[in-house]
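Notes to accompany the following structure.
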Amino acid sequence: MNSQPDHNSGTVQSTNQFTPSHRSLMTILGGCLFSILLLLFLFQDILDVPLMKQNGSTQQDDTHKVSPANVVSTRTQPEAPTFFLDRMVVATNRSDSKKNLRHINRAVIDYYKDRYRYPPHALFKESVHPYHGWQTAILPFLGEAELYSKINLKMRWTHPVNYNLFQKQVPLYLNPLITEKVTPDGLALSHYVGNRLLLRDDFPRTYESISDGPQYTILAVERGNDFQAWGDPTSLEDPQKIIGPDKVSSFADGNQALMCDGSVRLISKDIDPAILKALSTPSSADSTGDF
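First residue of the sequence shown: 1, per full-length UniProt numbering; consecutive thereafter.
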């Protein structure tokens, strides 16, 4: 570096300024880019922006939205069996489905003993986008602890790290009468749905809060159509939208419902709408008549 005296001030000034080389600039830029990528990798659970997607796509994950491809609506209203053997088959299927609902009830009871509340309708909500549903929450109490342990609860249920796990069929979520078992995308279905008016995440539901009486309040009910994957957090419905003369019922005469007291009742598709409304709400003080 050359320097010369400043004749006016008597000080020595530099005649050359430091200019970084092209290689130095590239090194600095590369370091900054690496730091950004490292931060994204470390905090991807929070940001929910996976660095790697299926098929190499980097688009934002919108799989939490209910897609028509994830709803199976191909089933039609079943007819009452006329032959003796057919009636025997339907009776066996009804009994097996009733057993499934009782297993679900025991799982909910065990969940309640562990958490002192009913399972919420969704787990790990981010804004309005739920990550997992109530049927995922009760898996450890349903004999599916190994499957539950493999699920990354910090990622949405349809995230690539979880997707294959939700393709596994859970036998206790399947009504043997119904042949539809997977969505077009390969996700395993559930033939049962939780009562949207009971299972809520914004209000911790307890036995004491069911003022209408557990024996008069629906916990879960068989679906007859519009099946969703068992892992879908939106797999909840008002029973009034499932049961009725203009709805597809699970069996020819109606749907079996799991009540909050653990009993399983057959609800006729021709039930009085006022009584069905009373059975669907946990604390409305509506009359259930002679149900």
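The beta-carbon is built from N, C-alpha and C at its ideal position, and this holds for glycine as well.
For the beta strand (DSSP E) containing residue i, name the first residue and the last one.
i	result
GLN228	227-229
SER268	264-268
residue 336	Given a span of 1 to 291 for the chain in the structure shown, any question on residue 336 remains unanswerable.
VAL221	218-222
residue 294	Any property of residue 294 remains undetermined from this structure, which presents the chain solely from 1 to 291.
Can you tell which of the options has the C-alpha that lies nearest to the C-alpha of residue i?
i	options	result
PRO214	LEU153, CYS260 and GLU237	CYS260
ARG156	PRO130, THR206 and THR92	PRO130
GLU79	VAL264, SER250 and SER280	SER250
THR179	TYR111, PHE141, ARG223 and THR234	ARG223
ASP185	GLY133, TYR163 and PHE83	TYR163
PRO160	LEU33, ALA122 and LEU187	LEU187
LYS113	ILE275, ASP272 and TYR207	TYR207
GLU237	THR288, THR27, LYS277 and SER97	LYS277
Following the continuous alpha helix (DSSP H) through residue i, name the residue where it begins and the one where it ends.
i	result
GLN135	134-137
TYR148	145-150
residue 310	This structure does not reach residue 310, given that the chain is present from 1 up to 291, and the question cannot be answered.
Checking contacts by CB at 8 Å: is residue i closer than that to chain B?
i	result
ARG115	This model lacks chain B altogether; it includes just one protein chain.
Would you report the Cα separation of residue i and residue j, rounded to the nearest angstrom?
i	j	result
PRO81	ALA252	8 Å
PRO282	ASP270	22 Å
GLN228	ARG23	56 Å
ILE46	LEU197	At ILE46, the pLDDT of 41 sits below 50, so the modelled position is not reliable; the number obtained from the coordinates is stated separately. If I take the Cα positions, the gap works out to 30 Å.
ALA145	LEU258	23 Å
ASN225	TYR192	10 Å
ILE151	PHE166	9 Å
Since residue i contacts residue j with CB under 8 Å, what's their CB separation in whole angstroms?
i	j	result
LEU147	LEU139	6 Å
ILE218	PRO239	5 Å
Please state whether DSSP places residue i in a helix, a strand or coil.
i	result
PHE251	strand
ASN164	helix
ALA285	coil
ASN175	coil
GLU237	strand
LEU101	helix
MET259	strand
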